[in-house]
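Take 6 as the starting number for the sequence shown in my numbering and just add one per residue.
Read the structure below first, then the notes.
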Amino acid sequence: MSEFTHLDGSGHARMVDVTQKEPTVRRATAEAFVACAAPVVAALRDGSVPKGDVLAVARVAGIAAAKRTPELLPLAHVIGVHGVAVDVTVEEEGVRIVAAVSTADRTGVEMEALTAASIAALNVVDMVKGLDKATSIRDVRLLSKQGGKSGGWTRP
């Protein structure tokens with residue numbers, strides 16, 4: 006059985022001490038999908054969503070979210086987020102968000118990438134909910150990570 010690194014000997018939550026780890030280059034990519042009705046997709050494509058430029062707001066929100074991850078996840082480390090790219094694409098059934106985060110630090114950026122994708126998706130929902138309250142978020146997931154002790158991983 007593996008040791009739970011975020012629990013102390015008494016089973017209480019703790020933040021893992023990464024002080025002695027050497028900083029290395031790390032990158033993670035995550036995605037989220039916002040399922041939208043056909044009229045919402047049409048409004049996104051022609052720029053007629055009443056609240057404004059949904060895709061631009063989602064990109065900026067995702068970038069801001071990646072940098073604020075430790076404020077939202079109590080056991081996440083404060084790290085230098087050195088790069089964030091949030092790609093937002095309108096597809097036939099909704100909006101795909103892909104967030105890539107990079108750093109040169111002591112711990113990975115998987116949670117930052119997932120947070121960026123999630124918050125970007127929430128912003129899409131917020132901006133189109135007046136057009137369709139049934140809009141939903143699905144498939145928030147890590148796509149890949151590189152660097153660190155465990156090396157690389159890509160979703161099969």
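The C-beta atom is built at its ideal place from N, Cα and C for all residues, glycine as well.
This one's a predicted model, so the numbers in the text were calculated from it and none came from an experiment.
| task | Compute the distance between the beta-carbons of Ala-122 and Ala-37, then report whether it is under 8 Å. | result | To locate residue 122, count along the sequence shown from 1; it is residue 117. To locate residue 37, count along the sequence shown from 1; it is residue 32. Yes, these two residues count as a Cβ contact at 8 Å.
| message | Tell me the rounded alpha-carbon separation between Ser-155 and Thr-140. | response | Here the question's residue 155 lines up with position 150 in the sequence shown. Here the question's residue 140 lines up with position 135 in the sequence shown. Between Ser-155 and Thr-140, the C-alpha separation is close to 37 Å.
| Expressed to the nearest angstrom, what Euclidean distance is found between the alpha-carbon atoms of Arg-32 and Arg-143? | Position 27 of the sequence shown, counting from 1, holds the residue named residue 32. Position 138 of the sequence shown, counting from 1, holds the residue named residue 143. Those two C-alpha atoms are separated by around 23 Å.
| said: Please classify Gly-152 as buried or exposed, where buried requires at least 16 other C-beta atoms within 10 Å of its C-beta. | reply: Taking the first residue of the sequence shown as 1, we reach residue 152 at position 147. The residue in question, Gly-152, is buried, as its Cβ has 16 or more Cβ neighbours within 10 Å.
| Would you call the segment 59-69 and the segment 123-137 touching, i.e. three or more CB-CB distances under 8 Å? | yes
| query | Which residues in the same chain as Gly-52 place their Cβ atom closer than 8 Å to its Cβ, once the five residues preceding and following it in sequence are excluded? | reply | Locating residue 52 in the sequence shown gives position 47, counting from the first residue. So the list reads Asp-58, once near-sequence residues are dropped.
| task | Starting from Arg-50, trace the alpha helix (DSSP H) both ways and give me its first and last residue. | result | Counting from one through the sequence shown, the residue named residue 50 turns up at place 45. Segment 43-51, the alpha helix (DSSP H) holding Arg-50.
| query | From Val-30, Thr-34, Gln-25 and Thr-24, pick the residue whose C-alpha is nearest to that of Lys-150; which is it? | reply | Sequence index remark: in the sequence shown, residue 150 carries index 145 (1-based). With distances taken between Cα atoms, Lys-150 lies closest to Thr-34.
| message | Suppose contacts are defined by Cβ-Cβ distances below 8 Å. Is Gly-135 in contact with Ser-107 by that definition? | response | Mapped onto the sequence shown, residue 135 falls at position 130. Mapped onto the sequence shown, residue 107 falls at position 102. No.
| message | Could you pull the DSSP bridge partners for Lys-150 from this structure? | response | As a working mapping, residue 150 is identified with position 145 in the sequence shown. According to DSSP, Lys-150 bridges with Ala-33 and Trp-158.
| query | What is the residue span of the beta strand (DSSP E) that Val-103 lies within? | reply | Indexing the sequence shown from 1 puts residue 103 at position 98. First-last of the beta strand (DSSP E) with Val-103: 99-110.
| request: Closer than 8 Å by C-beta to Gln-25: which residues in its own chain qualify, once you throw out the five before and the five after it? Chain order, please. | output: Here residue 25 corresponds to residue number 20 of the sequence shown, with the count starting at 1. Here the set comprises nothing.
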